[in-house]
Each structure stands twice: as structure tokens, then as C-alpha cells.
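Protein chains in written order, with our numbering: chain A, 3 to 274; chain B, 1212 to 1641.
The C-beta atom is built at its ideal place from N, Cα and C for all residues, glycine as well.
This report concerns only the one structure given below.
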């Protein structure tokens, strides 16, 4: 995670801006899903730019910018640089903004072919060959994970930056949340493939609570042991292709996951 | 107004999901062009679904839209189950409908209170509205939260639920788990009835649309989660024939494809559902609709906010009925063994019908995927409305005409992210 210094303490009534790049809108919707906190938050900050929710726009600079989405067009490359210049603190939210998102699957394919599969006249479509995270273009101050982000974590991050402290969020694995919740391990007890051991915490072990294996929507944890998990996934009966597919979803180009999908999973088994 | 040549621009349209641009050209008092330009960067879902396992689209296609992920999950599952020759009935189908009701309540409450009502009341957003009428906005947020509560219990979370799988669910709730939810929904029902009365007190500009209306129709129930296609023109067809009737065309000014029904413009969404299926609403929903002066059909798009409010009442009634009648299934899902074939699925997303088609190989790998979201179906109708609205209101100054156009676009709750992004309004008067 590329986290720089938190910057100076923010003044009262700081200006909050929300920006969208290539995405599904779900992470900025998470802010509107904070039904109990939304009006209180609106009393503490000036919402200066939030097109999904308001026609009212204040000019920059902004104290805190929340950025959703990945960079997939030349216009977006230019716009994120401008937003960085205008923002004292830049927080990126969600898998698209932190790792390129599901649309980064194009990075493994020929975009010209993708374009022609969806559009009859592909020459009208403006897009880059890759979908990349915000941190590939500008320095970011904090990355909040998830596809989508968790609303309690969003509130914690906003509160932290608004009072000038560091967010108190775990960077361990989903496994630690699962154990703390007292859930029976789906992989050990039922042989269900689960990415929990290598996936960043934050969801509260949601999938295991529903007797489903984690599918990695929060992306890789810090320093995951992926080869060990791959052995375990094989023991659960997953084929090599199925293992590769499991890592190729919403965070496919996150550095730890791209090793599995791009270099090939067999690299982990190669003799020294 | 005597301007022969003028240009008017709004840098981006607010309170829609996604971004786009609008160009209206007026020449000597005649509307020359009304194009809804959509620049949402393409995300290529239909391309990268190829080669994925048939169990994956429920999670993958949810990511097309953060506002209506359940719609994508439901249409995808239905289409793939159809390809595999499996039909989900009984409590599993009821739970799906319950989950979908949650999305209707949440999405409609979001649109009514946070996105659209500020237009009618002259506020830039719901936050400013709350400064004068905090109780009203709190009621909207509570209603939205009630819808999210259904999705959180049944789906695990409100945005991109994790508990939906091909064949059913990973885990199904007990009756005891649903009981407190019902208590909460009963309280929300009062708020929903009040909402209908509140939005019906707004002033509605005159506009009567003449588009053909297309909606799913379900036997015995107001269509949400399955059914056949019916149009006000009398046309009716099975979902398997969708491709024979609805054709998507690419237009140069948009990354969203435009759909046509047998070659003509049509509209999907709340007005179409209400006009085709209002007789199937619950008694309470029918009563509040009648009280609001809605007849058996509604063709004024500005009144779609009233229809949405009636649909929230219905979705709450329906959720309460489903919870009351719920008996847990023996297993949380049916097995859906793959087979080679083609399957179709159609459901009613909050903003209009959503069609999915998948072709699978014998191992269940996806050979092709086609997804037709509601907003690309409605783009032609939106443009037509704008053309007629501008023609009828040329006397308004630019600022008021622009506001009216933006409001008209929001009548359709366009979900540009489903297909696209960046709505700029440009009116050129020459």
C-alpha cells in the first residue's frame, strides 16, 4: 500500500470532494449508505464536489478527496493529476482505485479484440489498453480496500483524517477476522476453497459467515503466503485453471495476485 | 425569447449514477438535435466473461452496477440456469424475490429522496433539503436503510451481495432470523405510504409520452424477478425471443448501445411496469396509487417519482408477505450441472428490465455473453422527451430550460454506470 504522510491537521469545516473514475459507483454509494452518519458528517464538513449526490460544486483546493475507480482513458490520466494538485489528502476507495478492479482483466487480453466483441464500430470507443490503480499515476495518502468498501471502515477513515490521526484499520488477513468471530473454518471443516488466508481483512469474514469461501474482493493482505495457499486449494480439488481463475477477479492485477495469474502458478513449484 | 443562435453548457449533470453529456441544438426555434452523449469508459464485461465458469457471472456481473447489483445477479443466474435446464421455484425463488424487493426499496428511496426530490423543491441536494426539512430526509434515509437491511440479512451486504449463487444461496435464513426484519419493514411501510403522499404534492410539468412501453409480466404477481415480455402495443413474447425483437445499435455519440423494439423506440422502467401491470399491485399499493390520482396507466415521465413511491409500498408489502409465508428450503441451493446450450434471463431492475443471454459449452465455460441494461434501452426515449420538452418550452431562459432538461433526464433514474459516464448539457441555439 502506498501510504504517505497524513498531512497537517485539517481546519474546521474542511472541504470534502468525491470523484469517480472507471467503476460501478458502488464505493461512493457506500457514503450514501451511511444513513445514520450522513447528515452528521454533512454538518462537520463542506461537501464540495459529489456529483452523484449534489448539483452544488465548490472550487478547489480540497482538504480531503475520496477517489473511486481506475484509470482507463487518457482523459482520466489528466484528471487524476489535476485532482491530486487540488487535494491536501487523497484517499482512494475500493478495488478499482486500489488495484485496477475487474476491468483490469483487459490487461491480460487484447483490448482491440475486446472492443470489437462489445461494439460494432469500435473506432468510436476511447479507451486505454490497461486499467490501472490511482497509485500508478499520482501519490496517494491512504488506500481503503474492498469491492465494495465497507461502510464502517469508510466512516473510520473519514473520521481519522478529519481529526488528523491515522485510521485504525487492520491489514491482516480475513482469517484473523474469521477466528475472532468464532466461525468454523470452511476450508478445514468442509474442504471449501477459501482465499481468506491471503486476503486483506476488512469485511469481517463475511463469506465464511455465510458458509462460503472468501473470494478475495478486498485484495491481497500485506505479505501473503500464496504458495502455501495454492497447495491447500489443490488439496480442496481445484484444478490449476480454476486456481488461476480464483485470483483473476476484482483485484487481478494487485501485485501479489498478479504473480499467480501472470507468471503462472507453477512458478511457485519450480525447483530451485 | 428571440435568440436565434445560442449555446448553453452545464459541465456535468449531477444526481445521476454515472456521467454523460447532452447536446441540444436549436435553430430558428426548431430543435435540430437532442443527443444524450455517454462517455462512461467501457469496461468490457461481455468480453471478459468469455471463458469464465458458469458459476462466476453472479459475482462478476454484480460489479457492473453498485446501485442495482442484485438485478445483475438475478438476471445472470436465471439465464445460466435456463441454459442448464434448471428452474428455481418454491422458497428459493421466494427468497430471491425478497432480496430483489430490498434492492427496489433501497434504490427507489435513494432516487426519490436523494437524487430527484431536490429538483421538485428547488434544492441542489438532499443535504441542503435536510437543513430546512431534516425530518423528511431522515424518513427517506430510514426507508433506504430498511431496503438495505433486507439485502444485508439475505445477501450479506447491500452492495455486491455475497450470498447469491447459481441455484440459490450459500446459506438460507431461519424463520426466526427473518422475524425482526419484518418488524422493521412494517415501520417502513408507514414511511412509504407517507412518501407517496409527499411526492404527489409536487408540481409536475406537463408531458405525455407516446413511446411503446415494454415490461416484464409475471403471472399473478407484479413483475420483479421473472416473466415474459409485454408491450403496450400488444406485442408479447417469451424471453428466449428477446434477441428477435430487441436489437442494440451503436451510435457514434455514446459508449452505451441504443436498443430498439421491432425497429421502434420504446421505454422500460416504472412507467412501463405500472401501465402494464398496475392491476397486480397489492391492495395497499393500489389504494395509495388511486389516492395519488394515478389511473390504470401513467404516461407523464415527471410523475414517475410517484410511481416509484407506489412501487416502494408494493415492495414492502411483498417483502412482508414473503417473510410471513416463508418455510426454509431443505437445501440452500439446487445443483446446476453444466451442459452445452443457450439461456436467457430477464428481470425488472429498479430502473427497467435487464436482459442477459449466455452460451455455455459442455463444461460450463461461457462461450458468449450478451447483457442489455435498462439505461441503454431508455436512451432513445430520453432523447425524444428532451426534444419535445425543449420544443414546448423555448420561451424559458437558458437556466430554467437547462434545469428542466436535467430534471427530465432524472425522471428515468438513468444508471449510466451500467452502460456508461459524464453527462454534460450543451444547448446550442442558432
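Span of the beta strand (DSSP E) around residue 1510 of chain B: Under the DSSP assignment, residue 1510 of chain B falls outside any beta strand (DSSP E); it carries neither an H nor an E label.
Residue 1296 of chain B lies in the beta strand (DSSP E); which residues open and close that run? Taken as a continuous stretch (DSSP letters only), residue 1296 of chain B belongs to no beta strand (DSSP E), as it is neither H nor E.
In whole angstroms, what is the alpha-carbon distance linking residue 132 of chain A and residue 76 of chain A? Residue 76 of chain A has its alpha-carbon roughly 11 Å from the corresponding atom of residue 132 of chain A.
At the level of alpha carbons, what is the spacing between residue 1622 of chain B and residue 1487 of chain B? In a straight line, the C-alpha of residue 1622 of chain B is about 19 Å away from that of residue 1487 of chain B.
Closer than 6 Å by C-beta to residue 1454 of chain B: which residues in its own chain qualify, once you throw out the five before and the five after it? Chain order, please. No residues qualify anywhere along the chain.
Please report how far the alpha carbon of residue 1290 of chain B lies from the alpha carbon of residue 88 of chain A, in whole angstroms. Using only the alpha carbons, I get a separation of about 46 Å.
Taking 9 Å as the CB-CB limit, is residue 150 of chain A close to chain B? Output row for residue 150 of chain A: interface = yes.
With 7 Å as the C-beta to C-beta threshold (strictly closer), list the residues of the segment 210-229 of chain A near chain B in chain order. Of all residues in the segment 210-229 of chain A, only 212, 213, 214, 217 place a beta-carbon less than 7 Å from a beta-carbon of chain B.
In whole angstroms, what is the alpha-carbon distance linking residue 1593 of chain B and residue 1234 of chain B? Spanning the alpha carbons of residue 1593 of chain B and residue 1234 of chain B requires a straight line of approximately 13 Å.
Answer with buried or exposed for residue 1586 of chain B, where buried requires no fewer than 16 other C-beta atoms within 10 angstroms of its C-beta. By the Cβ neighbour-count rule, residue 1586 of chain B is buried, with 16 or more other Cβ atoms within 10 Å of its own.
Three-way DSSP call (helix, strand, coil) for residue 232 of chain A in this model: Correct three-state label for residue 232 of chain A: helix.
DSSP-derived helix/strand/coil call for residue 1323 of chain B: In this structure, residue 1323 of chain B counts as helix in the three-state DSSP scheme.
Taking Cβ to Cβ, would you say residue 1261 of chain B is nearer than 9 Å to residue 1577 of chain B? Result yes, Cβ atoms of residue 1261 of chain B and residue 1577 of chain B sit closer than 9 Å.
What residues in the segment 1271-1300 of chain B bring their beta carbon closer than 8 Å to a beta carbon of chain A? Cβ contacts with chain A come from 1271, 1274, 1275, 1276, 1277, 1278, 1280.
Rounded C-beta distance between residue 1481 of chain B and residue 1522 of chain B? I'm assuming under 8 Å. Yes, residue 1481 of chain B and residue 1522 of chain B are in contact; Cβ-Cβ is about 6 Å, under 8 Å.
Which chain B residues sit within Cβ distance under 8 Å of residue 247 of chain A? Listed by position along chain B, the residues whose Cβ is nearer than 8 Å to that of residue 247 of chain A are 1263, 1264, 1267.
Of all Cβ atoms in chain A, is any one closer than 9 Å to the Cβ of residue 1569 of chain B? The beta-carbon of residue 1569 of chain B is placed no less than 9 Å from the nearest beta-carbon of chain A.
Given a limit of 9 Å on CB to CB distance, which residues of the segment 1527-1546 of chain B reach chain A? For the segment 1527-1546 of chain B, which is checked against every Cβ of chain A, the residues closer than 9 Å are 1543.
Excluding five sequence neighbours on each side, which residues of the same chain lie with their C-beta closer than 6 Å to the C-beta of residue 234 of chain A? Answer for residue 234 of chain A: no residue qualifies.
Could you give the residue range of the beta strand (DSSP E) that holds residue 52 of chain A? Start and end: 48-52.
Residues sharing a beta bridge with residue 1459 of chain B, DSSP: Partner residues in the beta bridge of residue 1459 of chain B, as assigned by DSSP, are B:1470.
Which two residues bound the contiguous alpha helix (DSSP H) that contains residue 1339 of chain B? DSSP places residue 1339 of chain B in the uninterrupted alpha helix (DSSP H) bounded by 1337-1343.
Distance between residue 1422 of chain B and residue 1515 of chain B (C-alpha atoms, nearest Å): Taking the straight line joining both Cα atoms gives about 15 Å.
On a Cα-Cα basis, can you pick out the residue from A:156, A:260, A:205, A:163 that is closest to residue 1367 of chain B? Nearest option by C-alpha distance: A:205.
Can you tell me whether residue 1590 of chain B is buried or exposed? The criterion is at least 16 other CB atoms within 10 Å of its CB, across all chains shown. Residue 1590 of chain B counts as buried, since at least 16 other C-beta atoms from the protein chains shown sit within 10 angstroms of its C-beta.
Whole-angstrom distance between residue 1505 of chain B and residue 1497 of chain B, CA atom to CA atom: CA-to-CA, the gap between residue 1497 of chain B and residue 1505 of chain B works out to about 9 Å.
Which bits of chain B does residue 46 of chain A rub up against, with CB to CB less than 8 Å? None at all; the shortest Cβ gap to chain B is about 12 Å.
Have a look at residue 1583 of chain B and residue 1479 of chain B and give me their C-alpha separation to the nearest angstrom. Distance from the CA atom of residue 1583 of chain B to the CA atom of residue 1479 of chain B, rounded to whole angstroms, is 12 Å.
Proximal chain A residues relative to residue 1371 of chain B, where beta-carbon distance stays under 8 Å: Chain A residues near residue 1371 of chain B: 28, 149, 150, 219.
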